[in-house]
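Contents: one structure, followed by commentary.
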Amino acid sequence: MAKGITTRAENYSQWYNELVIKADLAENSAVRGCMVIKPYGYAIWEKMQAVLDKKFKDTGHENAYFPLFIPKSFFSKEAAHVEGFAKEVAVVTHYRLKNDEVNGGVMVDPDAKLEEELIIRPTSETIIWNTYKNWIQSYRDLPIKINQWANVVRWEMRTRLFLRTAEFLWQEGHTAHATRQEAVEETEKMLDVYADFVENWMALPVIKGVKSESEKFAGAIDTYAIEALMQDGKALQAGTSHFLGQNFAKAFEVQFANKEGKLDYVWATSWGVSTRLMGALVMAHSDDKGLVLPPKLAPIQVVIVPIYKTEEQLSEISRTAIKIKSELESKGISVKFDDRDFQSPGWKFAEYELKGIPVRLALGPRDMEKGSVEIARRDTLEKSFRSQEGLADYISDLLDEIQTSIYQKALAFREEKTTHVSNWEEFKEVLESKGGFISAYWDGSPETEEKIKQETKATIRCIPLDNEKNSGTCMYSGKPAKYKVIYAKSY
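First residue of the sequence shown? That's 1243 in the numbering used here, and the numbers climb one at a time after it.
As structure tokens, then:
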């Protein structure tokens, strides 16, 4: 249980790694840099998928699937895109093995070399736009609004479960439009979809903004992002939405006849979130005792643990527990009744605390006599007793309260960890002593941005969409500022 977990104060990074493994979310695989997502972790991801999938379909998108393999030549067609991913791609060069007659085992058959190498997708813009050119001839074929649930490979050298792995799961939306305005509106709309999900389901406040030129997606005109703050004061990019302009349409010759009968290039967007959100969920809310899960994403929202000494007591408690379980489930609440007889109640309490179950109910002989039940909240660890009558309504309201409480705690933390600075010395002092988000003026030059990054490892997380228009001076260069931006060290 949590007794063996390093505390956040001792070593935040180690705490995270140990918690992910001990809470049964994921583990490292035999393949370097890859992970096995275990059933409990995957159940959380499935809940995330279900909510997001509905949001995508409610905004007019359809699911499709495109190949895992992309011809190498496709990456040569969009220069910025290939430059952005060249160092991360895995390449398939051969298609067959054969027995190794000298050393034993198997070897790559040198006679089975591919005529053209295949890239294992790091993202799907190139294969999708090569496909779209066959789908689009006229403005009547637009818009195309496709989402894909898939896995991707980016050959990371330093990996960490969920946050950065060589292979990870995600969704990627790819849309095609007749006008620039439609594409920009789509980009902004999907950013709002992500922000709504992260705030209202993950209980994690975010800042919406635009990335700087050096931080934007390779091949995009503009990258919009939502930035969240973790408990160690580092930022985590929780989702991105890209306005691609006509870059990919021009690279793959995707033209359409507009209403005037003239040929024009299609306008594009792409957007995505990944299993990195699982890492954010753990880092933003959990404590030294284990996971703290927002009720909306918890695979099990309520667990009922019987406390008994005799089989007769268990039989009586079980009847009541099953009745309570049924009443809760009728309100759409997921419930587990844990009547395992080979683990003690105390062991079960620790297990469900570690796994972040939002509400734990305990039923013992005294509770049966009084017609009550013990209720324990995971977020605050508070315990109380409540009558069994009307319990389902109370628990339903309590889960809503816990969801809100977790969000408000994260919001208060972000506000406490957000600082405005006006000069370079103050910036460095706040970054080292306090961390978090630092708001400061920037002159807009990539040279200034790069120098700050080199000297402090802090980056511009975003230019907030509600960016202040009042004038100021750059805290680093002293030159007139172009933007007020958010800096932070990040994952």
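The beta-carbon is built from N, C-alpha and C at its ideal position, and this holds for glycine as well.
Decide if residue i is buried, meaning its Cβ has at least 16 other Cβ atoms within 10 Å, or exposed.
{"i": "SER1734", "result": "No answer is possible for residue 1734: it lies beyond the span of the chain, which begins at 1243 and ends at 1733."}
{"i": "ASP1353", "result": "exposed"}
{"i": "PHE1627", "result": "exposed"}
{"i": "GLU1320", "result": "buried"}
{"i": "SER1528", "result": "buried"}
{"i": "VAL1344", "result": "exposed"}
{"i": "VAL1273", "result": "exposed"}
{"i": "PHE1669", "result": "buried"}
{"i": "ARG1656", "result": "buried"}
{"i": "GLN1650", "result": "exposed"}
{"i": "LEU1623", "result": "exposed"}
{"i": "VAL1333", "result": "exposed"}
{"i": "ALA1477", "result": "buried"}
Smallest Cα separation from residue i: which of the options?
{"i": "CYS1734", "options": "LEU1478, LYS1699, ASN1341 and ASP1685", "result": "One cannot answer for residue 1734 here, as it falls past the ends of the chain, which runs 1243 to 1733."}
{"i": "TYR1507", "options": "THR1301, ILE1378, THR1517 and VAL1545", "result": "ILE1378"}
{"i": "LEU1411", "options": "ILE1279, ASP1351 and GLU1269", "result": "ILE1279"}
{"i": "GLU1301", "options": "ILE1361, THR1429 and PRO1364", "result": "Sequence check: residue 1301 is Thr here, not Glu. Ranking the options by Cα distance to THR1301, first place goes to THR1429."}
{"i": "HIS1323", "options": "TYR1725, ALA1306 and ALA1460", "result": "ALA1460"}
{"i": "GLN1479", "options": "MET1520, SER1629 and VAL1348", "result": "MET1520"}
{"i": "GLU1697", "options": "PRO1706, SER1713 and LEU1673", "result": "LEU1673"}
{"i": "LEU1339", "options": "GLU1330, MET1349 and VAL1333", "result": "MET1349"}
{"i": "GLN1555", "options": "ILE1702, GLY1606, GLU1455 and VAL1547", "result": "GLY1606"}
{"i": "PHE1327", "options": "LEU1403, ASN1341, ILE1361 and PHE1298", "result": "ILE1361"}
{"i": "LYS1721", "options": "VAL1547, ASN1709, GLU1689 and GLY1677", "result": "GLU1689"}
{"i": "CYS1704", "options": "SER1681, SER1687, LYS1693 and SER1713", "result": "SER1681"}
{"i": "GLU1330", "options": "ASN1341, PRO1364 and ASP1351", "result": "PRO1364"}
{"i": "ILE1564", "options": "GLN1585, GLU1495, ALA1634 and SER1516", "result": "ALA1634"}
Which same chain residues, not among the five before or five after residue i, have their C-beta less than 7 Å away from its C-beta?
{"i": "THR1249", "result": "TRP1257 and ASP1530"}
{"i": "TYR1337", "result": "ALA1354 and LEU1356"}
{"i": "SER1614", "result": "PHE1627, ARG1628, SER1629 and GLN1630"}
{"i": "ARG1308", "result": "In the sequence under discussion, the amino acid at residue 1308 is Phe, which differs from the Arg named in the question. Hits under 7 Å: SER1366, ILE1369, ILE1370, THR1373 and GLN1390."}
Once the 5 residues before and after residue i are set aside, which same chain residues still bring their CB inside 8 Å of it?
{"i": "GLU1304", "result": "LYS1387, ILE1388 and ASN1389"}
{"i": "ILE1286", "result": "LEU1267, MET1520, LEU1523, LEU1535, LEU1539, ALA1540 and PRO1541"}
{"i": "ASN1393", "result": "LEU1310, GLU1409, PHE1410, LEU1411 and TRP1412"}
{"i": "ALA1425", "result": "THR1417, HIS1419, PHE1485, LEU1486, GLY1487, TRP1509, ALA1510 and THR1511"}
Does DSSP put residue i in a helix, a strand or coil?
{"i": "GLY1415", "result": "strand"}
{"i": "SER1560", "result": "helix"}
{"i": "VAL1769", "result": "A query on residue 1769 cannot be resolved here, the shown segment of the chain reaching from 1243 to 1733 and no further."}
{"i": "ILE1370", "result": "helix"}
{"i": "ASN1500", "result": "coil"}
{"i": "ILE1728", "result": "strand"}
{"i": "LEU1339", "result": "strand"}
{"i": "ILE1279", "result": "strand"}
{"i": "GLN1645", "result": "helix"}
{"i": "ARG1619", "result": "strand"}
{"i": "ASP1506", "result": "strand"}
{"i": "TYR1636", "result": "helix"}
Just to confirm my understanding: we take residue i, look at its own chain, exclude 5 residues before and 5 after, and list those with CB closer than 6 Å. What are they?
{"i": "TRP1666", "result": "MET1717 and TYR1718"}
{"i": "ALA1493", "result": "LYS1319 and GLU1320"}
### Three-pair Cβ contact test at 8 Å for the region 1462–1473 versus the region 1382–1394
no
### Query
Should the region 1437–1454 be regarded as contacting the region 1290–1308, the criterion being three or more beta carbon pairs within less than 8 Å?
yes
### Query
Between the region 1551–1569 and the region 1309–1324, do at least 3 Cβ pairs fall closer than 8 Å?
no
#### Entry: Three or more C-beta pairs below 8 Å linking the region 1591–1611 and the region 1539–1556
yes
#### Entry: Meets three-Cβ-pair contact criterion under 8 Å: the region 1582–1589 and the region 1638–1652
no
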